[in-house]
Every structure is written in structure tokens, then in C-alpha cells.
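**Q** Those letters in the sequence shown? Residues -10 to 323, by this note's numbering.
Beta carbons are placed, not taken as given, at the ideal position from N, Cα and C, and that holds for glycine.
Nothing here was measured: the structure is a model prediction, and the numbers come from that model.
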Amino acid sequence: MNILVTGAAGFIGMHVSERLLARGDTVVGLDNLNDYYDPALKRDRLARLTPHGTFRFVEMGVADRDGMATLFAAQHFDCVVHLAAQAGVRYSIDNPHVYIDSNLVGFTNILEGCRRSRVGHLVYASSSSVYGSNTLMPFSESHAVDHPVSLYAATKKANELMAHTYSHVFGLPTTGLRFFTVYGPWGRPDMALFKFTKAMIAGQPIDVYNHGRMVRDFTYIDDIVTGVVGVVDRVPPADDAYDAARPDPARSHAPYRVFNIGNSQPVQLMAFVEAIEAALGIIAEKRFLPLQDGDVPGTHADVSALTEWTGVSPSTPIRDGVQRFVDWYRAYYP
-10 MNILVTGAAG
0 FIGMHVSERL
10 LARGDTVVGL
20 DNLNDYYDPA
30 LKRDRLARLT
40 PHGTFRFVEM
50 GVADRDGMAT
60 LFAAQHFDCV
70 VHLAAQAGVR
80 YSIDNPHVYI
90 DSNLVGFTNI
100 LEGCRRSRVG
110 HLVYASSSSV
120 YGSNTLMPFS
130 ESHAVDHPVS
140 LYAATKKANE
150 LMAHTYSHVF
160 GLPTTGLRFF
170 TVYGPWGRPD
180 MALFKFTKAM
190 IAGQPIDVYN
200 HGRMVRDFTY
210 IDDIVTGVVG
220 VVDRVPPADD
230 AYDAARPDPA
240 RSHAPYRVFN
250 IGNSQPVQLM
260 AFVEAIEAAL
270 GIIAEKRFLP
280 LQDGDVPGTH
290 ADVSALTEWT
300 GVSPSTPIRD
310 GVQRFVDWYR
320 AYYP
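#1: Between the region 191 to 211 and the region 77 to 92, are three or more C-beta pairs nearer than 8 Å?
#2: Which first and last residues belong to the beta strand (DSSP E) in which residue 111 is found?
#3: How about residue 299 and residue 209: do their beta carbons lie closer than 7 Å?
#4: Is residue 113 closer than 7 Å to residue 165 when the C-beta atoms are compared?
#5: When DSSP builds the beta bridges, which residues end up paired with residue 68?
#6: Could you check which residue in 286, 194 and 315 has the C-alpha nearest to that of residue 201?
#7: Starting from residue 205, follow its DSSP beta bridges and name the residues at the other end.
#8: Start and end of the alpha helix (DSSP H) containing residue 18?
#9: Using the Cα positions of residue 274 and residue 129, report the straight-line distance between them to the nearest angstrom.
#10: Taking residue 165 as part of the beta strand (DSSP E), name the residues at either end of that continuous run.
#11: Can you check whether the CB of residue 315 is closer than 7 Å to the CB of residue 243?
#12: Using the DSSP secondary-structure output, state which residues sit across from residue 290 in a beta bridge.
#13: List the DSSP bridge partners of residue 44.
#14: Alpha carbon to alpha carbon, how far is residue 125 from residue 137?
#15: Give me the Cα-Cα distance between residue 257 and residue 169, rounded to the nearest whole angstrom.
#16: Taking Cβ positions, are residue -2 and residue 20 nearer each other than 7 Å?
#17: Less than 8 Å between the CB atoms is what I'm expecting for residue 255 and residue 288, so what's the real figure, rounded?
#18: Spell out whether any CB of chain C is found under 7 Å from the CB atom of residue 300.
#19: Give every residue of the same chain whose Cβ lies closer than 8 Å to the Cβ of residue 22, excluding the five residues on either side of it in the sequence, and list them in chain order.
#20: Count the other CB atoms within 10 Å of the CB of residue 246; is the residue buried (16 or more) or exposed (fewer)?
#21: Pick helix, strand or coil for residue 94, following the three-state DSSP scheme.
#22: Quick one: is residue 277 buried, meaning 16 or more other Cβ sit within 10 Å of its Cβ, or exposed?
#23: Just the Cα atoms here: how many angstroms apart are residue -9 and residue 198?
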């Protein structure tokens, strides 16, 4: 297939592009290489993709309306994997307009491009953040997600609503993936694993929020990629069995689906820190702090729907995944 991957220089985008290229797809990778974190890391990720003869890079942001329209008009994409977004819960508190431009305006440009060029399938990144203040776990796609606690989460929920509209009105098949705390080699510097590892090697204390009383469904990058590619290959049909009298937020009469993609094995934050300590051979100095605004104390994914749909069931143990990240980190930052 000819596939557009947005955010191709990002953590998940690079790994997804590698997998698609390895199986023989043609990939057009899009990224604006912004400075939310070190652009050099993004360029090094791209350097892993550019040797492939079936990869082409386009430096552009998804919020560029005219540029995106031109790109879609010039290419016939069989599928779009939309991973570009302004990430980060805490960053959204002080920089709201960046999220509107990238996550809402940019997503509109993606939807319009898919609609007008008749793309066969749009797969896009949502987030576990949409569950917001929900406390019933494990989180299920059938749960209502009407109470986000950050602007980032609100934009991701908005993406799901926008996608459904295009699925309903224009018949565009769309699949949203709610990622749960992705980690692994080539990860983002603003994520806990990266920050903890960097601080511990430097002999600096780590900030442990909510006084360590946090639970996360940490999901290893290879499991995420397997799930994304599995979804790419399964285009959702219209669901004739959908019962509008008993609406299910994850399904529709339109060609639209939403899936959790997580390890479904939540880990206590302190156990996560212990896994990093074991991999590094360093005991961290810990600075315990209150829960931050926009954050939630726990996440836990019900992935039964994804497994039924694709056969994918993420399962990488946390200590294995953390060790692989630490090995990569030490090689990348010698």
C-alpha cells in the first residue's frame, strides 16, 4: 500500500514506519520537526527511515491547510496513519493554542484530505487520557468519556467525534487507537522513563508525583506497533447490528471503531522505578510531590475488543521493556 504516516519523526511514528517499510509498503512520512523536544532526536529517527527506497519525507505541519491539500491531491494514499499531534498533558496547561492548531485544525485537514482523495482507511491516535476522571477500571471503550481533565485529553476526544462525523456523512472508514503510556527505545524525552533514566545517570533526584501512589498501564512500543499495523489491515465496515437505542461509544452504524491499545497489566509507579533502578544498577533519590494538574492517578486498559478485532494482545513484561530502553539510552547517549 501507499501509506501516509504523520508524525513520522516521532517516537511511535518512526517505529510504525519501520514496520510498514519492512513488510513492503511505500511510506510518505510527514513531520514538522518542531522543538517541543530535541529536534536532533527526531532527525536521528528519520535517519533510520531514509535509507529505505520506498520512504519519502515531507517536512510540514498538519495545520498547514494549503500544504496538506496539495499533498493529498498529488498522492493517492491507500491508508493514512495519523500520529502527528501536540502531545503532553502538562504542557497543555500553559500552551493551549498549540493544541488547538495541531490537534483540532490539523486533524480537520487530515479528515478533509482523506475525504476528498477517497482514502480507504484513516487510522489515528487517540489517548487513554480521554478517560479523564473515570474511576471504573479496567477502562473500556464502551464507557462514557465525557469528563476530560486536560485540554490535551479534550482534543483527543474531539478527534474521535470528528472522525465519527466523517465516517457517518462521507462513509470514510476510521479507526481510533487509545494509546496507554507507550515506552521503549527512541522514546520521548518528556516521558517518565526517559526523564528518570537521565536524572539517575546524572546523580540527580527524580520527581515522583502523587507521592508514588500512581498506577499506569505501561505499553511497550513493539506491542503498540503490532496493534497499529493490525488495525491498518482491518478496515471497519458499517455495523448493521448497531443498536441506536442502546448506544455504544466505541461502535456505530457508520464505518467507525475505537480501540484501547495497552498492556492490560497496570504497574505501580514505584515498581516501575524499581525496574529502572535494576536496569541501571542505580538507586534513585526520590522527591515525592503532589498529583499534578491534568494528571490522573491510574490507568488500566481493557484490550479484549482489540484482541478480538486483530488477534493482537500486548504482553511485554515491564522489566524486559525497561531494560531494552536503558540499553538503547546508554548506546545513544554514551
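**A** In short:
#1: In this structure the region 191 to 211 does not touch the region 77 to 92; the number of beta carbon pairs closer than 8 Å is below three.
#2: For residue 111, the uninterrupted beta strand (DSSP E) segment begins and ends at 111 to 116.
#3: no
#4: yes
#5: -8
#6: 286
#7: Paired residues: 256.
#8: First-last for residue 18: 15 to 20, but that is the beta strand (DSSP E), not the alpha helix (DSSP H).
#9: 36 Å
#10: 163 to 168
#11: Residue 315 sits away from residue 243, with the two beta carbons spaced by 7 Å or more.
#12: 128
#13: 16
#14: 15 Å
#15: 14 Å
#16: yes
#17: 7 Å
#18: Among the chains of the structure shown, chain C does not appear; only one protein chain is present.
#19: -2, 28, 31, 32 and 48
#20: With 16 or more other Cβ atoms within 10 Å, it is buried.
#21: helix
#22: exposed
#23: 43 Å
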